[in-house]
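Asks: Structure incoming, see below.
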DNA sequence: TCATTAGTTCAATGATCATTGAACATTAAG
DNA sequence: CTTAATGTTCAATGATCATTGAACTAATGA
């Protein structure tokens, strides 16, 4: 299972694919929370509030295939990170405006964390 | 046929719906060209390069329902305009970054116009 | 009046979507 | 070795998508 998951190289990230991937409430919520979480990676399990294991696995794959997130296997977990740099170089300003626009809409602090702490160990 | 087409009021424009609507090459091309055309309205007929009458009618309806464009009947035509102001107030910076990102990808000058002129009379 | 222009509506089609539950694979922990 | 934790894969399902052609509506122009 420590296999390499396919990620499109930065220069292949396509705008229609990115827009389509983000045009879903669940996936938008996932990237909004990833963005709020700063540089810290998160796991699929942290998004089970938004759907079943299967559903999250599906959405995470969509985000990965579109080039929006990077997924790194670590033990039985997957460490998810936003591909901020790649998206910024390809579509300057885009991700930030989406995140900012999402902030107003997102259910308040969907992770229910007072401040970091639940991923102190990495 | 001079009936009113339904448009969502600005405050009801939803980000997932906007992203979904733009996550299609044809619709992305349409809004990119509308954007390039400045304030000048355009008609459905000017987008037949991207599909049949039926297809364009379908895509234009999607863009309208998402709140991205405004459609005003004028004779047998429909005058299409980008809802720049509404989108800007709702999702600041978003449309501009999308347009800018699209510019690099779009087939060069899809309308083949040397400079305005084809809609001098309005 | 009659034909033309511009776009819509409808039904059909094949494709892709998002979701579910069951089964499975992999790693970690006791 | 056994069990638990974390995700993935698969098949099935119902929903929505994008497209087509035929028929239609409404406004314009000869």
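Protein chains in written order, with the working numbering: chain A, 72 to 193; chain B, 72 to 193.
C-beta: ideal position from N, C-alpha, C; glycine also.
Given a cut-off of 8 Å on the beta-carbon distance, is the pair residue 113/B and residue 151/B in contact?
Replies: Closer than 8 Å, so yes.
Asks: Which residues in chain B have a C-beta closer than 7 Å to the C-beta of residue 162/A? List them in chain order.
Replies: Simply 168, 172.
Asks: Of the choices 163/B, 171/B, 154/B, whose alpha-carbon is the least far from that of residue 160/A?
Replies: Of the candidates 163/B, 171/B, 154/B, the one whose C-alpha sits nearest the C-alpha of residue 160/A is 171/B.
Asks: Runs of 4 residues minimum, wholly inside the region 113–175 of chain A: which ones carry the alpha helix (DSSP H) assignment?
Replies: Runs of the alpha helix (DSSP H) inside the region 113–175 of chain A: 124–137, 155–161.
Asks: How is residue 85/B classed by DSSP in three states: helix, strand or coil?
Replies: Coil at residue 85/B, not helix or strand.
Asks: In whole angstroms, give me the CA-to-CA distance for residue 124/B and residue 115/A.
Replies: When rounded, the distance between both Cα atoms is 44 Å.
Asks: For the structure I just gave you, are there three or more beta carbon pairs, one from the region 129–148 of chain B and one from the region 129–141 of chain A, closer than 8 Å?
Replies: No, they do not touch.
Asks: Can you confirm whether the region 96–112 of chain A touches the region 125–135 of chain A when touching is taken to mean that 3 or more C-beta pairs between the two stretches lie within less than 8 Å?
Replies: Segments in contact, yes.
Asks: So is residue 220/A in contact with chain B if we call contact Cβ pairs under 8 Å?
Replies: This structure does not reach residue 220/A, given that chain A is present from 72 up to 193, and the question cannot be answered.
Asks: Looking at chain B, is there any beta carbon in it that lies within less than 8 Å of the beta carbon of residue 165/A?
Replies: Judged by the 8 Å Cβ criterion, residue 165/A is in contact with chain B.
Asks: Can you pull the chain B neighbours of residue 134/A, defined as C-beta to C-beta under 7 Å?
Replies: Within 7 Å Cβ-Cβ: nothing; residue 134/A doesn't reach chain B, min ~13 Å.
Asks: Taking DSSP as the reference, what is the three-state secondary structure of residue 99/B?
Replies: Here residue 99/B sits in helix by DSSP.
Asks: Output needed in chain order: residues of the region 88–121 of chain B with a Cβ under 7 Å from some Cβ in chain A.
Replies: If the cut-off is 7 Å between Cβ atoms, the region 88–121 of chain B has 90, 91, 93, 94, 95, 96, 99 near chain A.
Asks: Under a three-way DSSP split, which group does residue 76/B fall into?
Replies: DSSP places residue 76/B in coil when its eight states are reduced to three.
Asks: Residue 86/A versus chain B: which residues are under 8 Å apart at the beta carbon?
Replies: Near residue 86/A (Cβ distances below 8 Å), the residues of chain B are 99, 169, 172, 173, 176.
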